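Shown next, in structure tokens, is the structure this report addresses.
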Amino acid sequence: MSTYTTDTPETMQAVNGTSGQDPRQLENSYVLQEKEDDPSYIRGARPGPYVEEKGRNICTRLGKRIAFIAIDGRTERTRHQVNYPETYDLIFDRLEKELSAANGEIKHVIVLLGVPIAYPRLAWLENIISSPVIAPIRLLNRRFGVGGDLFNKFDGEVDLLDDLDDHYTARHHKRERRILIQRLQHISERFSVRVTILGGDVHLAAIGRFYSKVGSKIPVINDPRYMVNVVSSAITNKPPPKAVANLLARRNKIHHLDFHTDETLMKVFNEQPGGKEKSADFNKVTMPSRNYACITEVDFSGVNGGTKVNEEELAQFPAPKNGHNPLHPGEVDAGTTHPAADGITSRVGMDGGLDVSIRVEIDPADKEGTTEGYGFWIPPLVSPRMEGHHRFSRHREDRQTAGPSAA
1 MSTYTTDTPE TMQAVNGTSG QDPRQLENSY VLQEKEDDPS YIRGARPGPY VEEKGRNICT
61 RLGKRIAFIA IDGRTERTRH QVNYPETYDL IFDRLEKELS AANGEIKHVI VLLGVPIAYP
121 RLAWLENIIS SPVIAPIRLL NRRFGVGGDL FNKFDGEVDL LDDLDDHYTA RHHKRERRIL
181 IQRLQHISER FSVRVTILGG DVHLAAIGRF YSKVGSKIPV INDPRYMVNV VSSAITNKPP
241 PKAVANLLAR RNKIHHLDFH TDETLMKVFN EQPGGKEKSA DFNKVTMPSR NYACITEVDF
301 SGVNGGTKVN EEELAQFPAP KNGHNPLHPG EVDAGTTHPA ADGITSRVGM DGGLDVSIRV
361 EIDPADKEGT TEGYGFWIPP LVSPRMEGHH RFSRHREDRQ TAGPSAA
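Be aware that the sequence shown starts at 1, since it is given in full-length UniProt numbering, and climbs by one per residue.
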């Protein structure tokens with residue numbers, strides 16, 4: 001397939017959900033043509049508005065106890081939507097079938113998104129960039145080059161606006177984001193599985209999380225709303241300036257997804273990597289440095305050693321004052337001194353949970369690529385497995401119209 005890469009007629013429209021081949025691209029090349037999609041693919045409901053292809057989402061297993069979902073956030077994306085409502089329905093229908101067939105064997109669902117979903121809001125910056133105030137600066141840029149690379153050379157818009165619109169936290173995607181999280185909560189509660197989200201493309205590291213409001217005093221071990229968003233960008237991405245990371249840290253407020261759910265970034269960067277100053281001392285939540293994430297399933301079966309935590313310890317963990325504080329034992333002392341920081345450990349926490357480590361580059365000039373590790377662990381969800389209707393089912397009407405977000 002080929003989409004809009006040349007003006008050959010075969011590639012200008014989707015036929016049967018896919019655009020035609022561009023013969024010029026296939027000259028003297030050998031391309032394996034798959035007769036059927038891999039069974040892990042979930043094809044989108046219809047071709048995207050710009051990419052004339054049906055999206056390719058993924059649903060598969062990572063071993064016995066982990067299900068993996070990857071949502072194609074590009075094929076159907078516009079400024080006002082990330083995915084079609086019908087595509088979300090296909091993804092969640094497939095996931096529910098997998099979990100039902102597993103009959104309780106799956107304990108964790110990992111969801112891969114292109115960009116973070118638990119992340120600081122920058123609506124005020126969106127408002128400034130899209131306001132008439134920018135018009136005189138745009139004119140000066142066109143005529144005299146004022147502002148340099150601040151503006152996109154193709155459409156004259158502020159380059160950063162495209163990045164901001166890309167985020168789930170952008171005002172255009174607010175409603176779609178809320179409904180997606182509520183549907184994941186629905187899955188978590190119904191099948192008693194912990195949901196963890198991966199996302200990147202912001203060129204820095206962070207750990208976001210959703211959770212039931214602390215006033216509800218629901219222990220994390222029993223909280224289907226507790227979802228961690230591990231934010232780790234492509235390892236080669238150039239990090240943003242310190243000022244940007246510090247600005248995001250200052251915007252780390254406790255946000256309210258809905259009446260029951262709060263969200264905030266977790267304090268995990270307790271010290272600078274290798275003593276190299278990457279951000280301000282107050283900034284414990286964003287790390288502007290190249291990094292990668294290590295996620296390991298906690299498995300105590302047939303092994304000795306490790307630091308095993310039982311369900312009672314988690315249930316008795318005192319309710320924090322607010323979401324800026326540790327929500328469960330796995331977040332206590334998160335950072336470089338945590339046992340999970342090495343990225344190898346798989347025996348810290350509770351059986352069926354996840355050990356998470358963010359490995360941060362210390363010195364970009366170091367050919368050895370030495371990193372500093374920051375760790376914590378995520379517990380599994382322990383709650384009665386539910387069948388049929390449940391308290392999250394009231395969002396069904398919203399789910400059926402989960403397209404463009406309300407501003």
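A virtual CB, placed ideally from N, CA and C, is assigned to each residue, including glycine. Note that the structure is predicted; figures quoted are calculated from it, not measured.
If you drop the 5 nearest sequence neighbours on each side, which residues of the same chain put their C-beta closer than 8 Å to that of residue i?
{"i": "Gln272", "result": "Lys278, Ser279"}
{"i": "Arg385", "result": "No answer about Arg385 holds up, because its pLDDT of 49 lies below 50 and its placement is not dependable."}
{"i": "Pro39", "result": "none"}
{"i": "Asp93", "result": "none"}
{"i": "Ala315", "result": "Pro219, Ile221, Asn222"}
{"i": "Leu32", "result": "none"}
{"i": "Glu34", "result": "none"}
Tell whether a beta-carbon distance below 9 Å holds between residue i and residue j.
{"i": "Tyr374", "j": "Asn270", "result": "yes"}
{"i": "Met266", "j": "Leu204", "result": "no"}
{"i": "Ile179", "j": "Phe210", "result": "no"}
{"i": "Asp37", "j": "Arg46", "result": "no"}
{"i": "Val195", "j": "Val111", "result": "yes"}
{"i": "Gly335", "j": "Val268", "result": "yes"}
{"i": "Ile197", "j": "Ala118", "result": "yes"}
{"i": "Thr116", "j": "Ala206", "result": "One detail in the question is off: residue 116 reads as Pro in this sequence, not Thr. Taking 9 Å as the Cβ cut-off, Pro116 and Ala206 qualify as a contacting pair."}
{"i": "Leu99", "j": "Tyr226", "result": "no"}
{"i": "Glu76", "j": "Gly48", "result": "yes"}
{"i": "Ser212", "j": "Asp262", "result": "yes"}
{"i": "Ile254", "j": "Gly208", "result": "no"}
{"i": "Ile378", "j": "Val228", "result": "yes"}
Keeping to the same chain, check which residues put their C-beta closer than 7 Å to that of residue i; ignore five residues upstream and five downstream.
{"i": "Gly200", "result": "Val231, Ser232, Ser233, Ala234"}
{"i": "Pro239", "result": "His203, Leu204, Pro288, Ser289, Arg290"}
{"i": "Asn28", "result": "none"}
{"i": "Asn252", "result": "Pro120, Thr264, Leu265, Val285"}
{"i": "Pro224", "result": "Gln185, Ser188, Glu189, Leu381, Ser383"}
{"i": "Ile362", "result": "Pro273, Gly274, Lys276, Thr370, Thr371, Glu372"}
{"i": "His256", "result": "Asp262"}
{"i": "Val360", "result": "Ala205, Pro273, Met287, Ser289, Asn291, Thr371, Glu372, Tyr374"}
Comparing alpha-carbon positions, which option in the options lies nearest residue i?
{"i": "Asn103", "options": "Thr286, Leu180, Lys64", "result": "Lys64"}
{"i": "Gly352", "options": "Glu361, Leu314, Lys284, Glu297", "result": "Glu297"}
{"i": "Arg347", "options": "Leu90, Asn310, Glu76", "result": "Asn310"}
{"i": "Glu96", "options": "Gly369, Thr78, Cys59", "result": "Cys59"}
{"i": "Phe376", "options": "Ala341, Pro364, Arg359", "result": "Ala341"}
{"i": "Ile71", "options": "Arg177, Leu113, Phe300", "result": "Leu113"}
{"i": "Arg79", "options": "Leu32, Pro318, Glu176, Arg61", "result": "Glu176"}
{"i": "Asp299", "options": "Asn57, Pro23, Ser357, Ile66", "result": "Ile66"}
{"i": "Lys54", "options": "Arg74, Arg61, Leu62, Lys35", "result": "Arg74"}
{"i": "His260", "options": "Ile218, Thr236, Asn283, Gly349", "result": "Ile218"}
{"i": "residue 421", "options": "Ile221, Asn237, Ala101, Ala243", "result": "Since the displayed the chain opens at 1 and closes at 407, residue 421 lies outside it and no answer follows."}
{"i": "Arg61", "options": "Lys107, Leu90, Val51", "result": "Lys107"}
{"i": "Ser216", "options": "Ile358, Asn83, Lys35, Pro320", "result": "Pro320"}
{"i": "Pro364", "options": "Val109, Thr236, Val244", "result": "Thr236"}
{"i": "Ser357", "options": "Asp258, Gly343, Pro241, Lys308", "result": "Gly343"}
{"i": "His172", "options": "Arg359, His256, Asn83", "result": "Asn83"}
{"i": "Asp281", "options": "Lys242, Glu312, Leu257, Arg359", "result": "Lys242"}
Among residues of its own chain, excluding the 5 on either side of residue i, which ones have a beta-carbon nearer than 6 Å to its beta-carbon?
{"i": "Thr345", "result": "Pro339, Asp355"}
{"i": "Asp162", "result": "With a pLDDT of 49 at Asp162, under the threshold of 50, the modelled position of this residue cannot be trusted; read the value that follows with caution. The answer is none, since no qualifying residue turns up."}
{"i": "Thr337", "result": "none"}
{"i": "Tyr168", "result": "Ile117, Arg177"}
{"i": "Tyr41", "result": "Arg56"}
{"i": "Lys367", "result": "none"}
{"i": "Val332", "result": "Pro326"}
{"i": "Leu91", "result": "The residue you asked about is not Leu; residue 91 is Ile in the sequence shown. Counting only Cβ-Cβ distances below 6 Å, and skipping sequence neighbours, we find Ile42, Asn57."}
{"i": "Asp258", "result": "none"}
Counting contacts by CB-CB distance shorter than 9 Å, is residue i in contact with chain B?
{"i": "Asn310", "result": "Here chain B cannot be found, since the structure has a single protein chain."}
Using 8 Å as the cut-off, classify the Cβ of residue i as near or not near the heavy atoms of the ligand HEM, replying yes or no.
{"i": "Thr60", "result": "The ligand HEM is not among the ligands present in this structure, which contains no ligands whatsoever."}
*Pairing CB atoms from the region 178-191 with CB atoms from the region 284-295, are three or more of them under 8 Å?*
no
_Every unbroken beta strand (DSSP E) inside the region 187-265 [3 residues or more]_ = You should have 194-199, 205-212, 227-231, 261-265.
*Which ranges does the beta strand (DSSP E) cover as unbroken runs of at least 3 residues, wholly within the region 53-78, from first to last along the chain?*
56-61, 66-70
_Ignoring anything shorter than 3 residues, give me the beta strand (DSSP E) runs that lie fully in the region 302-346, in order along the chain._
The beta strand (DSSP E) runs lying completely inside the region 302-346 and spanning 3 residues or more number zero.
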